[in-house]
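Protein chains in written order, with my numbering: chain V, 36 to 106; chain F, 166 to 417.
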């Protein structure tokens with residue numbers, strides 16, 4: 036399971052998550068979703084620090100965050 | 166062995182799992198999410214009644230799993246007062262924009278605040294009438310260009326913007342009045358804690374509460390979502406300062 040799961044059908048390509056990500060791992064992808072927007076995508080799941088900034092600014096509740104439990 | 170994952174964030178349970186009709190980058194979605202999160206966290210799903218306005222958020226009732234009603238333009242506080250009087254055990258909130266609350270509904274919100282009945286108003290201030298194409302609202306800043314003030318708002322022709330939170334804080338009725346901003350992660354966290362206090366003011370029966378949320382309207386401001394957030398910080402916040410304007414004892 037990925038750390039940053041972005042629901043591509045909900046994303047409206049506003050770019051707010053990209054502007055607040057402190058580790059700069061979010062970009063706008065070059066494919067289209069069913070509504071005609073280019074959804075955000077995560078380029079490096081391992082770099083995510085689970086700070087939750089993207090979740091806080093996302094107006095479409097498109098992002099869910101998870102993290103591995105430490106053994 | 167399958168990897169164990171813990172949840173950092175998942176969609177709130179009171180969210181009806183639909184895609185909203187709002188424009189990309191509109192902070193209505195952020196305010197909706199904060200309400201849904203608080204309803205979940207405070208275990209209010211079974212007893213919440215939302216009163217929805219006329220404006221962009223007119224279809225807001227579609228996006229939540231709690232009960233909702235749709236009020237006539239500006240009359241959400243009057244309707245919420247009636248619902249609260251007859252159903253004192255329910256949690257009743259109104260969700261209104263600036264055209265709805267500060268213009269046509271000004272009388273209703275002022276008298277609802279003056280009566281001090283325990284209802285909660287979430288007030289979205291984005292400085293124009295978003296749904297109808299960006300006309301000038303009572304909260305439009307001086308100099309701001311809208312479709313009905315194409316040369317910019319001037320005090321001679323259009324009067325001055327209204328600071329609703331400060332105005333209502335002068336009354337004795339309200340228990341909690343605050344202005345927050347939805348422009349950045351830190352301010353959204355503060356907005357959530359202000360909304361929690363407002364919800365608590367009602368649940369504890371202390372009195373009327375209102376949270377004014379500085380919001381964006383990228384489409385009608387003719388800016389990108391990221392530029393809109395910058396504009397809130399640079400132009401809107403100096404005129405509409407953030408803070409708590411009234412906190413009576415017992416609100417937490």
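C-beta: ideal position from N, C-alpha, C; glycine also.
Quick caveat: nothing in here was measured; it's all calculated off a predicted structure.
Looking only at its own chain, which residues have a Cβ that is under 6 Å from the Cβ of residue i, when we skip the five neighbours before and after it?
i, result
"residue 209 of chain F", "256"
"residue 316 of chain F", "none"
"residue 177 of chain F", "201, 202 and 205"
"residue 393 of chain F", "381, 383 and 386"
"residue 83 of chain V", "38 and 39"
"residue 98 of chain V", "41, 89 and 90"
"residue 243 of chain F", "273"
"residue 270 of chain F", "239"
According to DSSP, which residues form a beta bridge with residue i?
i, result
"residue 101 of chain V", "F:172"
"residue 309 of chain F", "For residue 309 of chain F, which the question treats as bridged, DSSP gives no partner whatsoever."
"residue 259 of chain F", "F:216 and F:286"
"residue 222 of chain F", "Paired residue(s): none; residue 222 of chain F is not in a bridge."
"residue 314 of chain F", "F:311"
"residue 386 of chain F", "Looking at the DSSP assignment, residue 386 of chain F forms no beta bridge with any residue, so it has no partner."
Grouping DSSP H, G and I as helix and E and B as strand, with all else coil, what is residue i?
i, result
"residue 293 of chain F", "strand"
"residue 410 of chain F", "strand"
"residue 274 of chain F", "helix"
"residue 301 of chain F", "strand"
"residue 200 of chain F", "helix"
"residue 231 of chain F", "coil"
"residue 77 of chain V", "strand"
"residue 166 of chain F", "Since pLDDT at residue 166 of chain F reaches only 48, below the 50 mark, its modelled position is unreliable, and no value is offered."
Would you say residue i lies against chain V (beta-carbon separation less than 9 Å)?
i, result
"residue 260 of chain F", "no"
"residue 173 of chain F", "yes"
"residue 192 of chain F", "yes"
"residue 180 of chain F", "yes"
"residue 187 of chain F", "yes"
"residue 389 of chain F", "yes"
"residue 233 of chain F", "no"
"residue 184 of chain F", "yes"
"residue 168 of chain F", "yes"
"residue 349 of chain F", "yes"
"residue 399 of chain F", "no"
"residue 177 of chain F", "yes"
"residue 368 of chain F", "no"
"residue 394 of chain F", "yes"
"residue 198 of chain F", "yes"
"residue 353 of chain F", "yes"
"residue 345 of chain F", "no"
"residue 223 of chain F", "no"
"residue 195 of chain F", "yes"
"residue 242 of chain F", "no"
9 Å is my cut-off, CB to CB: does residue i come that close to chain F?
i, result
"residue 100 of chain V", "yes"
"residue 45 of chain V", "yes"
"residue 66 of chain V", "no"
"residue 49 of chain V", "yes"
"residue 104 of chain V", "yes"
"residue 96 of chain V", "yes"
"residue 77 of chain V", "no"
"residue 61 of chain V", "no"
"residue 90 of chain V", "yes"
"residue 58 of chain V", "no"
Leaving out the 5 sequence neighbours to the left and right, which residues in its chain are closer than 7 Å to residue i when beta-carbon positions are compared?
i, result
"residue 327 of chain F", "267, 303 and 304"
"residue 186 of chain F", "224"
"residue 313 of chain F", "300 and 301"
"residue 102 of chain V", "38 and 85"
"residue 68 of chain V", "43, 44, 46 and 74"
"residue 194 of chain F", "185 and 187"
"residue 352 of chain F", "345 and 346"
"residue 389 of chain F", "383"
To which residues of the same chain is residue i closer than 8 Å at the C-beta, ignoring the five residues directly before and after it?
i, result
"residue 246 of chain F", "277, 280, 282 and 284"
"residue 48 of chain V", "63, 72, 73, 74 and 75"
"residue 198 of chain F", "177 and 180"
Inset, instruction - Could you tell me which uninterrupted beta strand (DSSP E) segments, each at least 3 residues in length, are contained entirely in the segment 320 to 378 of chain F, listed from first to last along the chain? - result: Unbroken beta strand (DSSP E) runs of no fewer than 3 residues, entirely contained in the segment 320 to 378 of chain F, are found at 339 to 346, following chain order.
Inset, instruction - Starting from the N-terminal side, write out each stretch of the beta strand (DSSP E) that is 3 residues or longer and does not extend beyond the segment 36 to 66 of chain V. - result: 39 to 41 and 61 to 63
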